[in-house]
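To start, the structure itself, in structure tokens.
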Amino acid sequence: MTVRADLSRVQWPTGGRRAVLAAGFAVLCALALPAAAAPLRVVSINLCTDQLAMMLAAPGQLVSITHLARDPAASVMAKAAKAWPTNHGQAEEVYLMHPDLVLAGRYTAQPTVAMLRRLGIPVEIFEPANSFADMQTDIARMGRSLGREAEAAAMTRAFAARLAQIRAESLPGPRPLAATWSARGYMSGRQSLAGEILTTAGFDTLAARMGRDQGSTLPLEALVLAAPDLVVTGRLGKGHSRSEEPLTHPAFRALRGNRAAMEDRDWICGLPSVLDATDRLRAMK
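Dropping the structure here:
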């Protein structure tokens, strides 16, 4: 026997019938609407979004990246970047590319971002990654922005699996002291991607010991007195600037601990390749 309910005879609570009908109408509308189309012409005007988009974009979807993506000192994807046309982040040149999405960083030239938005071009702003969790958030967001959610999810799973393996292989026992120290005596803070890389590699950080959550300047004298077991510096070029002179000071060279010269590209952007830097540092314990 089939029982059919006559909804017209049901005694609805005040406003109940209206609420149910409204909810049903909303569901039907949602089912009728097509999914948002993935952008067809994407331009990146930030070094970090360049590389993440290069990893996730569909063939032909990314039409331009910044010239910095081809710089081997700044980009881990410098060779691959030669396959894309480059830009210098100017609003006029980007507009003439007719993008339907522009990718930018928080500190990308604000006048360019503002002008593009005034011209009606969507711009997605990505924050700098200060942790592995931030990185995974950015990967997922890039996947949504490009309509490549499945590819982004696969990248996140692979990153999380490798990170878990590195952490599982970390040896127990005393943790050596490490510090980053670069031009002008800059030291990365505890709450930074560099700080988490060092911690994951098995070190305590001088920044954490000194209670410095954010990046700050550390005098050479303070570094020498702390006597870290490892100092991670930038790599000096053939013609280094005056800001890098402390890295050649006799007192710095006399430090007994190990020194590791890392390229900016190793951890300037929140990319899966930061785990390569983590492995290299872990081998120096």
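Numbers 0 to 284, taken from numbering that gives the first Met the number 0, label the letters of the sequence shown in order. For every residue, glycine included, the Cβ atom is placed at its ideal position computed from N, Cα and C. As the structure is a prediction and not an experimental result, all values here were calculated from the model.
Inset, instruction - Locate the beta strand (DSSP E) running through ARG258, then write down its first and last residues. - result: Note, ARG258: beta strand (DSSP E), 257-261.
Inset, instruction - Report the rounded CA-to-CA distance for VAL112 versus ALA90, giving the unit in angstroms. - result: Whole-angstrom Cα-Cα distance: 7 angstroms.
Inset, instruction - Could you tell me the boundaries of the beta strand (DSSP E) in which THR179 lies? - result: For THR179, the enclosing beta strand (DSSP E) begins and ends at 176-179.
Legend entry - Contact between the segment 254-262 and the segment 208-228 (3+ Cβ pairs under 8 angstroms): Because the criterion of three Cβ pairs below 8 angstroms is met, the segment 254-262 and the segment 208-228 touch.
Inset, instruction - Could you tell me if LEU32 is buried or exposed, where buried requires 16 or more neighbouring beta carbons within 10 angstroms of its beta carbon? - result: Reliability fails at LEU32, whose pLDDT of 39 lies under 50, so the model's placement of it is uncertain and the value that follows must be treated cautiously. LEU32 comes out exposed.
Legend entry - Local conformation of PHE24 per DSSP, three classes: Low local confidence applies: a pLDDT of 38 at PHE24 is under 50, so the model's placement there is unreliable, and no value is given.
Legend entry - Boundaries (first-last residue) of the alpha helix (DSSP H) holding SER144: Looking at the DSSP string, the run of the alpha helix (DSSP H) that includes SER144 is 131-145.
Inset, instruction - May I ask which residues mark the beginning and end of the alpha helix (DSSP H) holding THR277? - result: Start and end: 273-281.
Legend entry - Per-residue DSSP class, three states only, for PHE125: Reduced to three states, the DSSP call for PHE125 is strand.
Legend entry - Element boundaries [alpha helix (DSSP H), containing GLY194]: For GLY194, the enclosing alpha helix (DSSP H) covers residues 192-199.
Legend entry - MET0 versus ARG161 - alpha carbon distance: With a pLDDT of 42 at MET0, under the threshold of 50, the modelled position of that residue is not reliable, and the figure given next carries that caveat. When only Cα atoms are considered, MET0 and ARG161 end up about 58 angstroms apart.
Inset, instruction - State the beta-bridge partners of VAL230 as determined by DSSP. - result: Answer is ALA178 and ARG258, bridged to VAL230.
Inset, instruction - Measure the alpha-carbon distance for SER169 versus LEU197 and round it to whole angstroms. - result: In this model, SER169 and LEU197 are separated by some 12 angstroms (Cα to Cα).
Legend entry - Cβ shell of THR277 (< 8 angstroms), same chain only, five flanking positions each side left out: When the five nearest sequence neighbours on each side are left out, the beta carbons in the same chain lying within less than 8 angstroms of the beta carbon of THR277 are those of ILE165, ILE196, THR199 and ALA200, in order along the chain.
Legend entry - Enclosing beta strand (DSSP E) for PHE65 [first to last residue]: It should be pointed out that residue 65 corresponds to Thr in this sequence rather than to Phe. Looking at the DSSP string, the run of the beta strand (DSSP E) that includes THR65 is 61-65.
Legend entry - Residue closest to ILE44, alpha-carbon to alpha-carbon, out of ALA73, SER144, ILE124 and PRO38: When each option's Cα is compared against that of ILE44, the closest is ILE124.
Legend entry - Contacts around ALA36, its chain only, beta-carbon distance under 8 angstroms, and the 5 residues preceding and following it disregarded: Around ALA36: GLY146.
Legend entry - Alpha-carbon to alpha-carbon, SER144 and GLY23: Here GLY23 scores only 43 on pLDDT, less than 50, and its place in the model is too uncertain to base an answer on.
Legend entry - LEU102, enclosing beta strand (DSSP E) - first and last residue: From DSSP, the beta strand (DSSP E) with LEU102 extends over 100-104.
Inset, instruction - Starting from the Cα of PRO171, find the closest Cα among ALA103, ARG281, PRO249 and ARG117 and give me that residue. - result: With respect to the C-alpha of PRO171, the residue from ALA103, ARG281, PRO249 and ARG117 having the closest C-alpha is ARG281.
Inset, instruction - To the nearest angstrom, report how far apart THR107 and HIS97 are at their CA atoms. - result: In this model, THR107 and HIS97 are separated by some 19 angstroms (Cα to Cα).
Inset, instruction - Since I believe LEU270 is in contact with ALA151 (beta carbons under 8 angstroms), could you give me their beta-carbon distance rounded to a whole number of angstroms? - result: With a contact defined as Cβ atoms closer than 8 angstroms, ALA151 and LEU270 miss out at about 13 angstroms.
Legend entry - Test item: CB-CB of ALA177 and PHE202 under 8 angstroms: Against a cut-off of 8 angstroms, the Cβ pair of PHE202 and ALA177 comes out as a contact.
Inset, instruction - Can you give me the start and stop residues for the beta strand (DSSP E) that VAL75 sits inside? - result: Per DSSP, VAL75 belongs to no beta strand (DSSP E) and is neither H nor E.
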